[in-house]
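S.K.: This note's numbering puts the first residue of the sequence shown at 380, with every later residue one more than the last.
Structure in structure tokens, see below.
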Amino acid sequence: MVKIPNVKLANGVLMPQFGLGVYKVEEGKEVENVVRNAIQLGYRLIDTASFYDNEEGVGRAIEQSGIPREELFITTKVWNDDHGYEQTIAAFKKSLKKLHLSYIDLYLIHWPMPNKYKDTWRALEYLYEEGLIKAIGVSNFHEHHLEEIKKVAKIMPMVNQVELHPQLSQQPLREYCWSNNIQVEAWAPIARGELSSEPQFVTLSKKYNKTVSQIILRWHIQKQVIVIPKTTKLKRLEENQAIFDFALSDEDMSVIDDYNKNKRMGKNPDDL
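Right, here's the structure in full:
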């Protein structure tokens with residue numbers, strides 16, 4: 380079984396650097412199968428959200444896995460419609476019930492809804508202090524959103540999950556986060572397959588005898604970024620995880636760094 384490295388969060392909690400995202404994975408058998416297969420392969424980080432509408436299936440797969448709860452790291456998120464102090468607490472309890480868990484490892488604010496996310500953050504702090512969450516963080520936050528959180532926070536976010544891939548390397552944001560002891564997590568880490576035929580990546584694929592996806596995921600790992608590639612296929616689960624038996628040279632890391640185009644695949648958080 381592959382040994383996946385951990386990153387240490389600001390409060391000392393260890394979080395796997397590699398895991399599975401289940402965005403757009405259908406509730407029911409599809410999400411149950413992929414989560415169960417991933418756990419059997421050694422995945423321990425599973426990332427869902429209330430918006431994905433598959434928390435119940437994730438919960439069933441966790442129950443069926445036979446793996447002790449403390450060995451798993453489960454993330455979910457509060458959606459835009461549930462911002463606000465009381466609403467967030469209610470949304471969290473709903474997610475906890477759907478997942479059939481007694482606590483969540485990481486709870487995130489999904490998007491920085493204008494004029495609302497500060498009250499939402501206070502709710503996350505409360506739930507954390509109550510011991511219902513092991514770590515708290517945000518998703519899709521720019522530096523200025525984090526600066527606003529800093530004005531009211533008793534506890535700073537421990538993770539910022541953002542769109543991040545070679546076309547959108549987010550270097551200034553990464554540096555800001557790390558300087559504030561916030562770990563960076565990438566969604567859409569392989570740019571949804573858009574780079575599979577790009578010459579630079581094809582060349583690296585041949586050089587290392589790895590797929591383009593593996594090359595890109597390895598780039599993230601060496602950048603100290605947490606990655607949660609999504610798939611529903613067993614073969615791809617195995618392939619995505621096979622990135623810990625090689626290392627990219629500094630020169631080849633720079634080739635990928637230079638590919639940045641500041642090109643987003645999703646929304647800019649400032650356009651909410």
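Positions of the beta carbon are idealized from the N, C-alpha and C atoms, including for glycine.
#1: When you compare each of Ala389, Pro384, Gly438, Lys476 to Glu409 by their alpha carbons, which one comes out closest?
#2: Using CA coordinates, which residue listed in Ile383, Asn416, Val563 is at the minimum distance from Glu542?
#3: Taking the alpha-carbon of Leu393 as reference, which of Leu485, Ala621, Gln579 has the nearest alpha-carbon?
#4: Whole angstroms are fine: how far does the CA of Leu627 sit from the CA of Asn641?
#5: Which one of Glu526, Tyr555, Glu522, Ile607 has the shortest CA to CA distance from His544?
#6: With 16 as the cutoff for other CB atoms within 10 Å, does Met644 come out buried or exposed?
#7: From the DSSP output, in three-state form, read off Ala532 for me.
#8: Is Tyr402 closer than 8 angstroms to Tyr422 when the C-beta atoms are compared?
#9: Between the region 477–495 and the region 517–534, are three or more C-beta pairs nearer than 8 angstroms?
#10: Terminal residues of the continuous beta strand (DSSP E) containing Pro395?
#11: Cβ atoms of Ile453 and Leu478: under 8 angstroms apart, would you say?
#12: Which stretch, first to last residue, makes up the alpha helix (DSSP H) that contains Asn560?
#13: Would you call the region 607–616 and the region 579–589 in contact, with 3 or more CB pairs under 8 angstroms?
#14: Under 7 angstroms from any heavy atom of the ligand COA, does the C-beta of Leu511 make it?
#15: Take Asn560 and list the residues in its own chain whose beta-carbon comes closer than 6 angstroms to its own, dropping the five residues that flank it on each side.
#16: Apart from the five residues just before and just after Leu596, which ones in its own chain have a Cβ nearer than 7 angstroms to its Cβ?
#17: Which one or two residues does DSSP pair with Ser518 in a beta bridge?
#18: What is the residue span of the beta strand (DSSP E) that Val654 lies within?
#19: Alpha carbon to alpha carbon, what distance is there between Gln419 and Lys472?
#20: Beta-carbon within less than 6 angstroms of Asn639's beta-carbon, same chain only, minus the 5 sequence neighbours each way: which residues are those?
#21: Buried or exposed for Asn647, please, with buried defined as at least 16 other CB atoms from any protein chain shown within 10 angstroms of its CB.
#22: For Ser474 and Leu552, I'd like the C-alpha separation in whole angstroms.
#23: Are the beta-carbon atoms of Leu506 and Ile468 separated by less than 8 angstroms?
#24: Specify, as a first and last residue, the run of the beta strand (DSSP E) that Thr582 falls within.
#25: Check whether the Cβ atoms of Gly398 and Leu424 sit closer than 8 angstroms, and answer yes or no.
M.R.: Looking at the atomic coordinates:
#1: Gly438
#2: Val563
#3: Leu485
#4: 22 angstroms
#5: Ile607
#6: exposed
#7: coil
#8: The answer is no: Cβ separation not under 8 angstroms.
#9: yes
#10: 393–395
#11: yes
#12: No alpha helix (DSSP H) holds Asn560; DSSP gives it neither H nor E.
#13: no
#14: No copy of the ligand COA occurs in the structure displayed, which carries no ligand at all.
#15: Counting only residues of its own chain and dropping the five nearest sequence neighbours on each side, Asn560 has a CB closer than 6 angstroms to the CB of Ala389.
#16: Pro568, Ile569, Val606, Pro608, Asn619, Ile622
#17: Gln540
#18: Limits of the chain in this structure are 380 at one end and 651 at the other, which puts residue 654 out of reach.
#19: 28 angstroms
#20: Ser548
#21: So Asn647 counts as exposed.
#22: 29 angstroms
#23: A contact, by the Cβ cut-off of 8 angstroms.
#24: It is not in any beta strand (DSSP E) - Thr582 instead sits in the alpha helix (DSSP H) that spans 578–587.
#25: For Gly398 and Leu424, yes; Cβs fall inside 8 angstroms.
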